[in-house]
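What follows is a single structure, written as structure tokens, with notes after it.
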Amino acid sequence: PEVRGVVMNPRDHPHGGGEGKSPTGMPPKTPWGQPAMGHRTRRNKTSGRVIVRSRHRKS
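The sequence shown stops at residue 319 when you use my numbering, and every number in between is there.
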């Protein structure tokens, strides 16, 4: 079972707290404060295109 962030205390989740069944009043977030649901959180990998020649040569 997963506990919803809305039913937690404010110290436990960004959506927590409020009087009764109050709305979050903010965009959806993870328990760690990162944007959730539709917001991209992954970074693109850096490409190796800028490496012209390897530093390690065959001896």
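The beta-carbon is built from N, C-alpha and C at its ideal position, and this holds for glycine as well.
- Between residue 294 and residue 284, the C-beta gap is not smaller than 8 Å, which leaves the two residues out of contact.
- Around the C-beta of residue 299, fewer than 16 other C-beta atoms lie within 10 Å, and the residue is accordingly described as exposed.
- In the DSSP assignment, residue 289 forms a beta bridge with 295.
- The Cβ-Cβ distance between residue 268 and residue 278 does not fall below 8 Å.
- Residue 273 sits buried, since 16 or more C-beta atoms from the chains shown fall within 10 Å of its C-beta.
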